[in-house]
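These notes are about the structure you will find just below.
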Ligand SMILES: Nc1ncnc2c1ncn2[C@@H]1O[C@H](COP(=O)(O)OP(=O)(O)OP(=O)(O)O)[C@@H](O)[C@H]1O
Ligand SMILES: [Mg+2]
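Protein chains in written order, with this note's numbering: chain A, 939 to 1166; chain B, 9 to 305.
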């Protein structure tokens, strides 16, 4: 599903964020990316949805090197994956339903198919009763559920998340994680960068630890391994 | 592909206008102001053109023929006149014709002229029309030197002044219009720039969920057209009403010979077409400018 070969990334300001990453993630896996602040987790994630280009090396998604993609091909890449962020990135002027439907709008889905699919995923994340509400009227956890619904509405084989529980309390975070596990159980690969020690330790999955832009640990059912 | 989401883009661009209601108001009114001034100039220059054309057609030199001239000398005069530079046509008008003309223009009081029937004191006349009426002075000088010319008649000062005024008016008008169009383009592109900056987050999210660049650009493009055409609608309304009022109440009543304005139909429709055309072209140019500059892709 995902393969990185000798990936290096230097930002224009001279920071070396990734220093020779080699990794392989199989379809259907659930992977945590952990590591201290500034170690390169976000940069690692950005490689996958081509927000950033590696300085050298290859990033293969489904066997295709996205590093060499022309800019015009990036939308197609992103339509086959879901991306989730700490700050939800919802459109504040659209309601819950429209936010989720938005993902389908850009791919010109037909109206009836769109409606059924949106209602299905909103049911999955437990927000079917709040479709007319605006993001500002929802709690943090609910907003994150909306963004998760949006990320999976196109039925992607891959969902990547950068600190999805970063703004949420422990209980809500557990709810979100369980949702990810549900999605994962349906066959979707999950890659999630996180600082959440309790989640990683209580819901065991593969753990990849990054320090100074290098992979220092890769365990099948690993632990968080840091104090904070 | 674009067709299917066209409705969405229309709705979206329309919503954008209301979302930034104040910005929209500001830019529509500045567009309106610019197009109002521009439209005002169009009205003025087109009418000045119309008036000058009218006057130009009326410009003629009436060459009074000396009464002592023999018949063949009068004929010779004609060919001499025809060879003067800038002369378009030469027509003979006998003194009886002239009397008849005078009678017509005097109307009711023309019976006074009956006494001249037997002994017409008028001259035979050559009516000379010019290719380029603005150079009437020069042609007149050339004609004066021809034999048996008694005197010349033409509207000296008035013609000259009018020509000078309209010529300057045309240049100033064109200069101002060009300047105003650039200002307007700048204003609209600035508005769209602000919309784009205000919607940065939204654009980022669109990109994240896989929207193509074309998809992202459409609403901004349409927004430019809206701003341009909405901005045009206001001056069209104002100018049409004002012009119609001016035409019906002032000009038609005064009925001054030289103050002929273009009739409102079709002139006002043409004006509306021109302003909407210019408005939307300005809008398109402006949105292309800001999209290229601020939607880096
Ligand atoms: N756009 C950028 N331009 C320049 N330097 C950057 C940029 N983004 C990240 N960096 C630098 O690259 C390094 C890795 O950053 P990254 O965001 O990947 O870390 P992270 O592991 O996600 O950190 P955190 O846990 O705090 O989110 C840091 O030193 C950071 O300052
Ligand atoms: Mg990060």
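Think of the CB as a built atom: it goes at the ideal place given N, C-alpha and C, for glycine as much as any other residue.
Which residue marks the beginning of the beta strand (DSSP E) containing residue i, and which one marks its end?
{"i": "residue 968(A)", "result": "968-972"}
{"i": "residue 1095(A)", "result": "Taken as a continuous stretch (DSSP letters only), residue 1095(A) belongs to no beta strand (DSSP E), as it is neither H nor E."}
{"i": "residue 1162(A)", "result": "Unbroken run through residue 1162(A): none, as it is neither H nor E."}
{"i": "residue 134(B)", "result": "133-138"}
{"i": "residue 96(B)", "result": "95-101"}
{"i": "residue 68(B)", "result": "68-73"}
{"i": "residue 155(B)", "result": "Per DSSP, residue 155(B) belongs to no beta strand (DSSP E) and is neither H nor E."}
I'd like the span of the alpha helix (DSSP H) that includes residue i, first residue to last.
{"i": "residue 284(B)", "result": "272-302"}
{"i": "residue 1123(A)", "result": "1108-1123"}
{"i": "residue 87(B)", "result": "79-91"}
{"i": "residue 145(B)", "result": "144-152"}
{"i": "residue 984(A)", "result": "979-986"}
By DSSP's criteria, residue i is part of a beta bridge. Which residues make up the other side?
{"i": "residue 1147(A)", "result": "972(A), 1155(A)"}
{"i": "residue 126(B)", "result": "None; residue 126(B) has no bridge partner."}
{"i": "residue 1002(A)", "result": "999(A)"}
{"i": "residue 1133(A)", "result": "Beta-bridge pairing links residue 1133(A) to no other residue."}
{"i": "residue 947(A)", "result": "956(A)"}
{"i": "residue 161(B)", "result": "70(B)"}
What is the DSSP secondary structure of residue i, counted as helix, strand or coil?
{"i": "residue 956(A)", "result": "strand"}
{"i": "residue 229(B)", "result": "helix"}
{"i": "residue 1076(A)", "result": "coil"}
{"i": "residue 9(B)", "result": "Its pLDDT being 43, under 50, residue 9(B) is placed unreliably by the model, and nothing is read from it."}
{"i": "residue 942(A)", "result": "strand"}
{"i": "residue 206(B)", "result": "helix"}
{"i": "residue 1100(A)", "result": "strand"}
{"i": "residue 1127(A)", "result": "strand"}
{"i": "residue 1081(A)", "result": "helix"}
{"i": "residue 268(B)", "result": "coil"}
{"i": "residue 991(A)", "result": "coil"}
{"i": "residue 962(A)", "result": "strand"}
{"i": "residue 23(B)", "result": "helix"}
{"i": "residue 1141(A)", "result": "coil"}
{"i": "residue 1008(A)", "result": "coil"}
{"i": "residue 32(B)", "result": "helix"}
{"i": "residue 4(B)", "result": "Lying outside 9 to 305, the shown extent of chain B, residue 4(B) is not represented and no answer is given."}
{"i": "residue 219(B)", "result": "coil"}
{"i": "residue 257(B)", "result": "helix"}
{"i": "residue 57(B)", "result": "helix"}
{"i": "residue 76(B)", "result": "coil"}
{"i": "residue 198(B)", "result": "helix"}
{"i": "residue 117(B)", "result": "helix"}
{"i": "residue 17(B)", "result": "helix"}
Compare the Cα-Cα distances from residue i to each of the options and report the closest residue.
{"i": "residue 227(B)", "options": "160(B), 216(B), 244(B), 207(B)", "result": "207(B)"}
{"i": "residue 1078(A)", "options": "1096(A), 1102(A), 1089(A), 1098(A)", "result": "1102(A)"}
{"i": "residue 119(B)", "options": "130(B), 147(B), 107(B)", "result": "107(B)"}
{"i": "residue 96(B)", "options": "199(B), 138(B), 286(B)", "result": "138(B)"}
{"i": "residue 289(B)", "options": "88(B), 194(B), 131(B), 219(B)", "result": "194(B)"}
{"i": "residue 151(B)", "options": "219(B), 192(B), 70(B)", "result": "70(B)"}
{"i": "residue 239(B)", "options": "23(B), 32(B), 16(B), 296(B)", "result": "32(B)"}
{"i": "residue 190(B)", "options": "39(B), 112(B), 34(B)", "result": "39(B)"}
{"i": "residue 987(A)", "options": "975(A), 977(A), 1011(A)", "result": "1011(A)"}
{"i": "residue 79(B)", "options": "231(B), 62(B), 100(B), 141(B)", "result": "100(B)"}
{"i": "residue 1093(A)", "options": "1045(A), 1073(A), 1113(A), 1064(A)", "result": "1045(A)"}
{"i": "residue 993(A)", "options": "1154(A), 1106(A), 955(A)", "result": "955(A)"}
{"i": "residue 1188(A)", "options": "941(A), 1023(A), 1122(A), 990(A)", "result": "No answer is possible for residue 1188(A): the residues shown for chain A start at 939 and end at 1166."}
{"i": "residue 15(B)", "options": "1015(A), 1003(A), 984(A), 1043(A)", "result": "1043(A)"}
{"i": "residue 1008(A)", "options": "1060(A), 991(A), 1000(A)", "result": "991(A)"}
{"i": "residue 943(A)", "options": "1005(A), 953(A), 1027(A), 1117(A)", "result": "1005(A)"}
{"i": "residue 1100(A)", "options": "1021(A), 1112(A), 1015(A)", "result": "1021(A)"}
{"i": "residue 93(B)", "options": "141(B), 279(B), 198(B), 246(B)", "result": "141(B)"}
{"i": "residue 295(B)", "options": "145(B), 230(B), 276(B), 246(B)", "result": "230(B)"}
{"i": "residue 1064(A)", "options": "1147(A), 1002(A), 1047(A), 1035(A)", "result": "1035(A)"}
{"i": "residue 1107(A)", "options": "1091(A), 1134(A), 1076(A)", "result": "1134(A)"}
{"i": "residue 1062(A)", "options": "1074(A), 1123(A), 1098(A), 983(A)", "result": "1123(A)"}
{"i": "residue 978(A)", "options": "1153(A), 1164(A), 1165(A)", "result": "1153(A)"}
{"i": "residue 1157(A)", "options": "1000(A), 1066(A), 1139(A)", "result": "1139(A)"}
{"i": "residue 1109(A)", "options": "1080(A), 1056(A), 1150(A)", "result": "1080(A)"}
Q: Identify every run of the alpha helix (DSSP H) within the region 1016-1070 of chain A, keeping only runs that are complete inside it and at least 4 residues long; order them along the chain.
A: 1034-1043, 1049-1062
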